[in-house]
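Residues in the sequence shown are numbered from 2 upward in steps of one, following the working numbering.
To keep things clear, I will list the structure first and then write my remarks on it.
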Amino acid sequence: MFHYILLLLVFLAPCQGMSNLQIISMRKPEDMSIAPCALTCAGISKGHWTDSTTFFRRSYVSISIRGCGFISDPIITTSIRSFRQFPGPGHVRDVDVGNEMFNVYTEEGVSEKAANADSWTVHWIAIGFQC
2 MFHYILLLLV
12 FLAPCQGMSN
22 LQIISMRKPE
32 DMSIAPCALT
42 CAGISKGHWT
52 DSTTFFRRSY
62 VSISIRGCGF
72 ISDPIITTSI
82 RSFRQFPGPG
92 HVRDVDVGNE
102 MFNVYTEEGV
112 SEKAANADSW
122 TVHWIAIGFQ
132 C
């Protein structure tokens, strides 16, 4: 195990302090003027999963992205991880997005009890604009 940790540190060491985001294309060429406003924000959230009242037999967790400072709804990619099993991206059914918060919904048949018992965490990346 120590070897894996050491290997990870060797690969991450040169990346410390690097946080450059480079936009190489936009929908329209004239949109490139807002490229300096682009922002990537990421996190790992261990929220409390709740059975949905909107979607039958599905659970969800709400995640705050208020600290990112997006001025409009970002594009978000998520993946779920667990300490006991690997639910994978297949268990993420829908993501309901706003500029300060988003909800992640499971596929049908996943209860809040199962998600909370297995300590599901949401790993996410949000891409949007801050100005």
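All residues carry an ideal CB built from backbone N, CA and C; glycine is no exception.
As the structure is a prediction and not an experimental result, all values here were calculated from the model.
Would you mind sorting residue i into buried or exposed? The rule is 16 or more other CB atoms within 10 Å of its CB.
i, result
"Thr-78", "exposed"
"Gly-75", "In the sequence as presented, Gly is not what sits at residue 75; that position holds Pro. Pro-75 comes out buried."
"Val-123", "buried"
"Ser-60", "buried"
"Phe-103", "buried"
Tell me the DSSP secondary structure of residue i in three-state form.
i, result
"Ser-34", "helix"
"Gly-129", "strand"
"Gly-68", "helix"
"Asn-117", "helix"
"Phe-103", "strand"
"His-124", "strand"
"Thr-51", "strand"
Quick check on this structure: which residue in the options has the alpha carbon closest to the alpha carbon of residue i?
i, options, result
"Phe-56", "Ala-36, Gly-110, Ser-65 and Ser-34", "Gly-110"
"Trp-50", "Trp-125, Ala-115 and Ser-80", "Ala-115"
"Gly-99", "Arg-28, Leu-40 and Ser-63", "Ser-63"
"Ile-81", "Ser-112, Ser-26, Val-105 and Arg-28", "Val-105"
"Phe-84", "Pro-30, Asp-119 and Met-27", "Asp-119"
What does a CB cutoff of less than 8 Å around residue i pick up in its chain, not counting 5 residues either side in sequence?
i, result
"Pro-101", "For the sequence presented, residue 101 should be read as Glu rather than Pro. These residues qualify, in order along the chain: Ser-65, Ile-66, Arg-67 and Phe-71."
"Ile-24", "Met-33, Ala-36 and Ala-39"
"Gly-73", "Position check: residue 73 holds Ser in this sequence, whereas Gly was assumed. The residues are Asn-100, Gly-129 and Phe-130."
"Asn-117", "His-49 and Trp-50"
"Val-96", "Ile-77, Thr-79, Phe-103, Asn-104, Val-105 and Tyr-106"
Go through its chain and collect everything with a Cβ distance to residue i's Cβ below 6 Å, but skip five positions before and after it.
i, result
"Lys-47", "Thr-122"
"Cys-132", "Cys-38"
Considering only residues of the same chain and omitting the five flanking positions on each side of residue i, which have a CB-CB separation below 7 Å?
i, result
"Cys-69", "Leu-40, Cys-42 and Ala-127"
"Ser-53", "Arg-59, Ser-60, Tyr-61 and Tyr-106"
"Gly-44", "Trp-125"
"Met-112", "According to the sequence as given, residue 112 is Ser; it is not Met. The answer, listed in chain order, is Asp-52 and Ser-60."
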